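J.: Quick one: this structure, given as structure tokens, is what I'll be asking you about.
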Amino acid sequence: MSARDHLANKRTFLAWVRTSIALMGFGFVIAKFQIFLHLLVHEKLTPSSLLGGVIMILMGIATLLYGFYEFLEQERELEKGKFEAKVMPMVIYTAILIVLAIMLVVSLYIAV
């Protein structure tokens, strides 16, 4: 395979990194905002109030790990000179993220 293929794989990995940083950053902002709100109204901070931010941070970590795994797998396939599109890992990963997002929404409704 050519250098273009390896560079395209690297760009794809960097897109995974960018997405994971955005998820983790957003999760951090959510958690800090919850802390700020609790300080503002002088309420005791509970772990459940930070759940949304923690879930987003965990989604970011999972995204980074999965992106790195995909990068390594694609590099191995490029070195072998073959490429097979794998749909099932993306379906599983998407399903996990959807379940986590639903848990986040449910936790927001429970908190209110």
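With the first letter of the sequence shown counted as 1, position 56 gets the number 160 in the numbering used here; the numbers rise by one all the way through.
Cβ atoms here follow ideal geometry from the backbone N, Cα and C, with glycine treated the same way.
Treat the numbers as computed from the prediction; the structure is a model and nothing was measured.
1) On the DSSP letters alone, give me the boundaries of the alpha helix (DSSP H) that V121 sits inside.
2) Would you call A74 buried or exposed, if buried means 16 or more other Cβ atoms sit within 10 Å of its Cβ?
3) For my contact list, I159 and L204 are in at a C-beta cut-off of 8 Å; report their separation, rounded to the angstrom.
4) Within a Cβ cutoff of 6 Å, which residues of the same chain sit near I161, ignoring the five residues on either side of it in sequence?
5) Are L201 and G156 touching if we call contact CB-CB under 7 Å?
6) Is the beta carbon of G164 sitting closer than 7 Å to the one on S211?
7) Are at least three pairs of beta-carbons, each pair with one atom in the stretch 136 to 153 and one in the stretch 164 to 178, less than 8 Å apart?
8) Reducing DSSP to helix, strand and coil, say where A205 ends up.
9) Given a cut-off of 7 Å on the beta-carbon distance, is the pair A135 and L154 in contact?
10) Can you tell me whether DSSP reads T150 as helix, strand or coil?
11) Rounded to whole angstroms, what's the CA-CA distance from E177 to Y213? Just pull it up for me.
T.: In terms of the structure at hand:
1) 107 to 144
2) Limits of the chain in this structure are 105 at one end and 216 at the other, which puts residue 74 out of reach.
3) 6 Å
4) M128, G131
5) no
6) no
7) no
8) helix
9) yes
10) coil
11) 39 Å
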